[in-house]
Every structure is written in C-alpha cells, then in structure tokens.
Amino acid sequence: MKTESLGQLLMDFLEYYGHHFPYETYYVSVADHTIVPKAGQDWIKNDPGRLSVQCLANLERDLTKSAHRIEEVKDGFKDSFRLMKECTTPSMHGTAAWGGLLKSLKRNGGNTLRTLLCLGNWSQIFEFSTL
C-alpha cells in the first residue's frame, strides 16, 4: 500500500465503498483498523443497509447513526469511480469524460476537487492532498 499513488488509493476507496463494502453485515472499526461483523453489536442501530463507523473515543457509539442518506453517498462513490476511471482510460481522455466528472462534482458541491481537476494534470491534483 505504501507504494501506491494517492490517485490509486482514491480509486480503490471509491470502488470498494461504492461497489464492494458489505454495508448490511459489517461495520468499520477505527480502533481495530478493519471491518467487523455487525452481528451481536447492540450499539449499532438495526438498519442493515447503513454504514456504521465505530467511534474511537467511545467504542460503543456509532459515528454514522444520524446519517440517513447512505444510498446517495454510495451512488456518489459509484459515480465518482466510474467517471474517474473513464478519465484515466487512455481511449477516453478528452473533454467529454472530464466534462461529465466536473458536472457530477458541481452537482454534488465538490468545489475544491473540481478546482483541482481543472488543473488538467492528475499529478498536480494529488500534490494538493493536504488541503
């Protein structure tokens, strides 16, 4: 993982949480640095499709318990992954792919990322990873 670029890590994150993460059966344990089965965890709200993230300060608290629009978040991850993949596929380089990505980011309020994407160079974008 230490040899992967920030761009590849972002793509992996978007693909995993948009397409593969088992929202129904697992939660994110920050303390254990892994995902853990939800079964038997009384502190997790009984809503199987929801993302649950364990609080590091209080291990019996779900940081995402008040998040109710997870389907929109998952769709955002999926759309961002698809559009970024199109932009990085050699045959798809061009204004159509970038335009779709920029429209998606604008619609979702991604002003900082949209501004960085306008630089037109992926390596420059990820130099700003500390923003």
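Taking this note's numbering as reference, the numbering of the sequence shown is continuous, increasing by one, and the terminal residue is 142. Don't be surprised by glycine CBs; every beta carbon is placed ideally from N, CA and C.
Candidates the options: closest to residue i by CA position
i, options, result
"L67", "D86, H44, Y34, L20", "H44"
"R80", "K49, D58, L20", "D58"
"A42", "L94, L74, D90, C98", "L74"
"D90", "S16, Y37, F24", "F24"
"K76", "K56, L94, N69", "K56"
Short Cβ contact (8 Å threshold) for residue i with residue j
i, j, result
"E71", "W54", "yes"
"A78", "L62", "yes"
"M22", "F92", "yes"
"Q65", "V39", "yes"
"K96", "G29", "no"
"E35", "G60", "yes"
Beta bridge counterpart(s) of residue i as assigned by DSSP
i, result
"Q52", "Beta-bridge pairing links Q52 to no other residue."
"Y38", "V47"
"Q65", "S40, D73"
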